[in-house]
Amino acid sequence: MQEHHQRAILHLDLDAFYASVEQRDNLALRGRPVIVGGDPQGRGVVATASYEARRFGVHSAQPCRQALQLCPDAVFLRPRFEVYRAISQQIQAIYRHYTPLVEPLALDEAYLDITSIVGDDLVAAAQIARDIKQEIVAQTQLTASAGVSYSKMLSKVASAHQKPNGLTVITPQEALVFLDALPVGKIFGVGEVTEARFRDLDIFYGRDLRQLSLGRLQELFGKRGTDLYRFVRGEDDRPIEPVRERKSVGQETTFERDIANREEMLAVLEHLAEQVAQRLSELEIAGKTITLKVRWHDFQLMTRSKSVAPPIQDAPTMMRYLRPLLDTLLAENRPVRLLGVTLSHLVSHGELNRLEQLRMPSLWE
Ligand code: TTP
Ligand code: MG
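331 is the number that numbering that gives the first Met the number 0 gives to position 332 of the sequence shown; each next residue is one higher, with no gaps.
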């Protein structure tokens, strides 16, 4: 692993995410206090509030009733998770355009390791952060705040430093100044319990925490004490952990009663194939290998696969391969309790187009 100060890490975090999306999609909400969350008459809590509402003291996790008292003119809305998820995918695609080393922390938040592009040059890293912010606005009309530094913890501290629409760089030389003023609750691994223990010890900020010796911290928190000792000194080697790439897309169903009728099985497979095709189209991918999965009434599991060219994306094509695969298994003549369809060896639509343009079917193999 590299020395901790030789990386370039970005942290990007959208501003008032759910509320900004609602204001984007409804002109009448722009400039108004908007609160996304539960029912203001019920027991719900605030998921997030627009900056107009935050001025009244409204914040995430506050009971909606209280938010209503603080800001009676606010517009209360229920979250539209499907919309937020789709935007999250869109933004992550922008990030992956720069690097595969993208670690999403939430729908609106991610770390990027761009060391391979800029080395440890944080000025160049800030320019990339600016480009990414611009690209997010262009594609989604939403603003993000960016933090640029040499570690996860500091880039996150940096992105929170100026919000909304901020860009903050923390160089190795500046790290301690930022950490001095950082509330201990913001340090990675410090939850409410640890924070309360610190409060009892009159430790509120990074500068207070740095007064504790390594021995004392280990005595208080065991192995975690060592991490805290290092974090508050700006030492954080935690790597960016990208989400594992998807290897397959599949769908299966278990029956309430075993089925033995071939037509019935084909109807089920068709339904499963349609669901898989839907998912493939959402992800803009196709699969080079199709697998039929059967669990017999005695729980024994069997799979049959076929690799095909060109890659499969639609349900009718899946059925063309599933029918003969099913027939080879049905020779067993046993009732079935589960059927599944999976596509693997996935290729993206982009890759698909490129290969088609090259007219090189041999590449499918
Ligand atoms: P945050 O990034 O913490 O908050 P935010 O994007 O609304 O505001 P900002 O970053 O500008 O301070 O969370 C992202 C989304 O996650 C937020 O829009 C709503 C949701 N959320 C909850 O549902 N409950 C919560 O307690 C928090 C903090 C966030
Ligand atoms: Mg946010």
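Backbone N, C-alpha and C fix where the C-beta goes; we use that ideal spot for every residue, glycine too. These numbers were taken from a predicted model, which means no experiment stands behind them.
Neighbourhood of phenylalanine 16 by C-beta distance below 6 Å, restricted to the same chain and skipping five residues each side = Asp107
task = Just grab the DSSP bridge partners of isoleucine 284 for me.
result = Ser347
message = Are there any heavy atoms of the ligand MG lying less than 6 Å away from the beta-carbon of leucine 13, as far as the coordinates show?
response = yes
key: Residues near phenylalanine 55 by beta carbon distance below 7 Å, same chain, minus five either side   = Pro32, Leu69, Cys70
inquiry  = I need the straight-line Cα distance from alanine 18 to alanine 308, nearest angstrom please.
reply    = 46 Å
message = Output needed for serine 347: all residues of its chain with C-beta closer than 7 Å, excluding positions within five of it in sequence on either side, in chain order.
response = Glu283, Ile284
query = Which one of Thr142, Ile135, Gly146, Gln138 has the shortest CA to CA distance from alanine 125?
reply = Gly146
ask   = Is alanine 7 closer than 7 Å to isoleucine 113 when the C-beta atoms are compared?
value = yes
Residue closest to alanine 174, alpha-carbon to alpha-carbon, out of Arg206, Met318, Lys162 = Arg206
query = Do the segment 327-344 and the segment 232-240 meet, that is, are 3 or more Cβ pairs less than 8 Å apart?
reply = no
Given 8 Å, three or more beta-carbon pairs between the segment 223-232 and the segment 257-267 = no
task = Could you round the C-beta distance between alanine 105 and leucine 9 to whole angstroms and report it? I think they count as a contact, below 8 Å.
result = That pair is no contact at about 15 Å.
message = For lysine 222, report the span of its alpha helix (DSSP H) as first-last.
response = 222-230
key: Where methionine 359 falls: helix, strand or coil (DSSP)   = Here methionine 359 scores only 46 on pLDDT, less than 50, and its place in the model is too uncertain to base an answer on.
query = Whose C-beta lies closer than 7 Å to the C-beta of valine 136 among residues of the same chain, with five residues either side of it excluded?
reply = Thr142
inquiry  = Following a CB-centred definition, is phenylalanine 199 positioned closer than 6 Å to any heavy atom of the ligand MG?
reply    = The residue you asked about is not phenylalanine; residue 199 is aspartate in the sequence shown. False, no ligand heavy atom lies under 6 Å from that Cβ.
ask   = For phenylalanine 300, which residues of its own chain have a beta-carbon under 6 Å away from its beta-carbon, when the five flanking residues on both sides are left out?
value = Correcting the residue identity first, residue 300 is leucine in this sequence and not phenylalanine. Answer for leucine 300: Arg294, listed in chain order.
message = Could you check whether the segment 338-346 touches the segment 268-283, counting it as contact only if at least three pairs of C-beta atoms, one from each stretch, sit closer than 8 Å?
response = yes
inquiry  = Contact defined as beta carbons within less than 8 Å: I believe valine 156 pairs with lysine 132. What is the distance between those atoms, to the nearest angstrom?
reply    = About 18 Å separates the two Cβ atoms, so there is no contact after all.
query = Quick one: Cα of leucine 345 to Cα of arginine 196, how far?
reply = 50 Å
request  = Reducing DSSP to helix, strand and coil, say where glutamine 250 ends up.
outcome  = strand
message = Given a cut-off of 7 Å on the beta-carbon distance, is the pair proline 78 and alanine 46 in contact?
response = yes
request  = Identify every residue that forms a DSSP beta bridge with valine 74.
outcome  = Val33
request  = Give the range of the alpha helix (DSSP H) segment to which tyrosine 149 is assigned.
outcome  = Per DSSP, tyrosine 149 belongs to no alpha helix (DSSP H) and is neither H nor E.
message = Tell me whether aspartate 235, by its Cβ, gets closer than 6 Å to a heavy atom of the ligand TTP.
response = no
message = Ignoring anything shorter than 4 residues, give me the alpha helix (DSSP H) runs that lie fully in the segment 74-123, in order along the chain.
response = 80-97, 114-117
ask   = When the distance is taken between beta carbons, is leucine 279 closer than 7 Å to glutamine 312?
value = yes
inquiry  = Is phenylalanine 16 a contact residue of the ligand MG, with contact defined as CB to any heavy atom under 6 Å?
reply    = yes
ask   = By Cβ distance below 6 Å, which residues in the same chain neighbour leucine 366 in space, the five residues on each side in sequence not counted?
value = Only positions 0 to 364 of the chain appear in this structure, which leaves residue 366 out of reach.
key: Exposure of lysine 151, with buried meaning 16 or more beta-carbon neighbours within 10 Å   = buried
ask   = With burial defined as no fewer than 16 other Cβ atoms inside 10 Å of the residue's Cβ, what is the status of glycine 233: buried or exposed?
value = buried
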